[in-house]
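Here the structure is laid out as structure tokens; the discussion comes afterwards.
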Amino acid sequence: MKREIERKFLIKKNKLPHLPKGKTLITGYFCEKPEIRVRTEGNRSFLTLKTPGLVSRDEFEYEICLREARKILHLSSAKIEKNRSCLKIDGLVWQIDLYKGANKGLALAEVELPKENHKFKKPLWVELEVTDDLRFRNYNLTKHPFSSWPK
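If you count by the UniProt record's numbering, then the sequence shown holds residues 1 to 151, one letter each, in order.
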């Protein structure tokens with residue numbers, strides 16, 4: 001188990017620097033509280049459980065067989081697909097997620113921090129912090145996709 005301290009931001013895609021080649025992530029959710037999910041990420045796959053919380057949560061993550069993960073994903077009616085690229089800025093890793101499917105057009109960034117009150121400079125392509133906005137939680141995006149939001 002590890003303590004995950006993470007903040008999430010809406011980003012401006014047109015302001016992003018050139019992104020390194022990323023990976024396609026397919027995630028199936030099975031429960032919201034605690035969050036239980038299976039994810040494939042390239043040729044690796046994981047079973048993850050996360051406790052409730054906004055900035056800080058306990059995370060239990062286990063690598064599982066890719067073949068079995070794909071079978072488990074078929075059991076989920078709550079899936080998210082996105083491309084993820086990572087940028088290292090000032091010693092922090094920013095995960096840039098460009099969503100597909102019903103969430104196409106949504107672009108978010110997450111940064112994992114060493115402690116909750118860690119100070120850091122936001123890149124110019126960060127538009128708005130959405131850590132506390134539950135609409136942007138991946139599980140919620142499976143139930144109320146970005147494409148269904150009023151414009």
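Quick reminder that beta carbons are idealized off the backbone N, C-alpha and C, glycines included.
Report the CB separation of serine 45 from isoleucine 64 in whole angstroms; it is logged as a contact under 8 Å. Serine 45 to isoleucine 64, Cβ: 5 Å. Contact.
Just checking my contact of phenylalanine 30 with glutamate 129 at CB under 8 Å: how many whole Å lie between their CB atoms? With a Cβ gap of about 28 Å, phenylalanine 30 and glutamate 129 do not count as contacting.
Contained alpha helix (DSSP H) runs [length at least 4] in the UniProt domain "CYTH" (2-145), N- to C-terminal order: Taken in chain order, the complete alpha helix (DSSP H) segments of 4 or more residues contained in the UniProt domain "CYTH" (2-145) are 66-73, 138-143.
Give me, in chain order, the residues of the same chain whose beta-carbon lies closer than 8 Å to that of arginine 7; leave out the 5 immediate sequence neighbours on both sides. Here the set comprises Val55, Glu110, Val111, Leu113, Glu129, Thr131.
Give a yes or no on whether the C-beta atoms belonging to tyrosine 139 and glutamate 61 are separated by under 8 Å. no
Count the other CB atoms within 10 Å of the CB of lysine 88; is the residue buried (16 or more) or exposed (fewer)? exposed
How about isoleucine 11 and glutamate 81: are their beta carbons less than 8 Å apart? No, the Cβ-Cβ distance between isoleucine 11 and glutamate 81 is not below 8 Å.
Distance check for leucine 75 and glycine 28, CA to CA, integer angstroms please. 8 Å
Is it right to say valine 38 is buried, meaning 16 or more other beta carbons lie within 10 angstroms of its own, or is it exposed? buried
Rounded distance between the beta-carbons of asparagine 103 and threonine 24, thought under 8 Å: 14 Å between Cβ atoms; not a contact.
Is the Cβ-Cβ distance between glutamate 4 and arginine 67 less than 8 Å? no
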